[in-house]
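A.B. asks:
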């Protein structure tokens, strides 16, 4: 992980622009304009770079795939890093989810530099489902079905969502709610596999000296689309430490209500570049790269 010292300052936190070169800054500015054509902006940026993206269309949803340049390890379990690129119309979507898109682009640069094999990065469409629509209308549902059809049903999938504000990693336990009510052996098994992914991610975060980590349910549902289709995935997000502590107190059964400002900004016109902080742009590329380089537990 020595390349991290080149890209990231360890001396405090600087404005997020400091992690981007000029081309990346221009991309991020265009990408976070309200009503931006996110697919075209992202595709053009990646196509003009070293990444050699591929476009995948499934059930009228368009996804963009990056993968290792060199031959993959056929005996290993593929690692798939996922961030949705769409946002609610009218919202700049800076934290939800432009930040994670840029963070995985930075992670891809590290993965190429380290020559790590057997990984994929997917930028997905239609995570933001219309109100009242079913999970099966979600882009991740069809994407997971596509994974299964090409033999990636054993892949380790990690979803990065709303990772642009704060310094505390949150490993979502939202799927645990399903475990309490399910009578399906297949669903229970997938939830068990998700817990294994979470354990591996926690172990890797600790190995990187990432000490601010919390297990808690989140309101994001991309992993539910994967689960419904028959795959397992672990959602990872970030919150400021004070908001993470509020969430922890609520989870512990106190009377404190979880007024999470970061989540209140999502899907709104206030989800702007100015609300983002530097920390996630240090944490997520390092974690993502380590997840891809780690041996399966």
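Numbering (this note's numbering), first residue to last: 40 to 336.
Glycine included, C-beta positions come from ideal geometry on N, C-alpha and C.
Helix, strand or coil for residue 196 per DSSP?
C.D. replies: strand
A.B. asks: Would the beta-carbon of residue 238 be found less than 7 Å away from any heavy atom of the ligand ATP?
C.D. replies: With respect to the ligand ATP, the structure shown offers nothing to examine, as it has no ligands at all.
A.B. asks: What residue range does the alpha helix (DSSP H) around residue 326 cover?
C.D. replies: 318-332
A.B. asks: Would you mind sorting residue 193 into buried or exposed? The rule is 16 or more other CB atoms within 10 Å of its CB.
C.D. replies: So residue 193 counts as exposed.
A.B. asks: Kindly indicate the opening and closing residues of the beta strand (DSSP E) around residue 104.
C.D. replies: 100-106
A.B. asks: Work out the CA separation of residue 302 and residue 135 for me, nearest whole Å.
C.D. replies: 9 Å
A.B. asks: Please classify residue 310 as buried or exposed, where buried requires at least 16 neighbouring CB atoms within 10 angstroms.
C.D. replies: Sixteen is the threshold: when 16 or more other Cβ atoms of the shown chains lie within 10 Å of the Cβ of residue 310, as they do, the residue is buried.
A.B. asks: I'd like to know if the segment 98-105 and the segment 151-167 are in contact, where contact means that at least 3 CB-CB pairs between them fall below 8 Å.
C.D. replies: yes
A.B. asks: Is it right to say residue 318 is buried, meaning 16 or more other beta carbons lie within 10 angstroms of its own, or is it exposed?
C.D. replies: buried
A.B. asks: Roughly how many angstroms lie between the CA atoms of residue 214 and residue 284, to the nearest whole one?
C.D. replies: 21 Å
A.B. asks: Identify every residue that forms a DSSP beta bridge with residue 161.
C.D. replies: 104, 121
A.B. asks: To the nearest angstrom, how far is it from the Cα of residue 181 to the Cα of residue 274?
C.D. replies: 18 Å
A.B. asks: When you compare only the Cα positions, how much space is there between residue 224 and residue 230?
C.D. replies: 10 Å
A.B. asks: When we look at the beta-carbon of residue 150 and count the other beta-carbons within 10 Å, is it buried (16 or more) or exposed?
C.D. replies: buried
A.B. asks: Only counting runs of 4 or more residues, tell me where the alpha helix (DSSP H) segments fall wholly within the segment 249-303, in order along the chain.
C.D. replies: 261-268, 280-290
A.B. asks: Would you kindly check if the distance between the Cβ of residue 129 and the Cβ of residue 92 is under 8 Å?
C.D. replies: no
A.B. asks: How close, in whole Å, do the beta carbons of residue 124 and residue 81 come, if the pair is a contact with beta carbons under 8 Å?
C.D. replies: Going by Cβ atoms, the distance from residue 124 to residue 81 rounds to 6 Å, so yes, they are a contact pair.
A.B. asks: Here's the rule: buried if 16 or more other CB atoms are within 10 angstroms of the residue's CB, otherwise exposed. What is residue 65?
C.D. replies: The residue in question, residue 65, is exposed, as its Cβ has fewer than 16 Cβ neighbours within 10 Å.
A.B. asks: Considering only C-alpha positions, which residue in the set 227, 235, 133 is nearest to residue 304?
C.D. replies: 133
A.B. asks: Which of the three DSSP states is assigned to residue 143 in this structure?
C.D. replies: helix
A.B. asks: Here's a check: name, in chain order, each residue in its chain whose Cβ is nearer than 7 Å to the Cβ of residue 247, leaving out the five neighbours to either side.
C.D. replies: 325, 326, 329
A.B. asks: Excluding the 5 residues flanking residue 84 on each side, which residues of the same chain have their C-beta closer than 6 Å to its C-beta?
C.D. replies: 66
A.B. asks: By a C-beta neighbour count over all protein chains shown, 10 Å radius and 16 as the cutoff for buried, is residue 245 buried or exposed?
C.D. replies: The C-beta of residue 245 has fewer than 16 other C-beta atoms within 10 Å across all chains shown, which makes the residue exposed.
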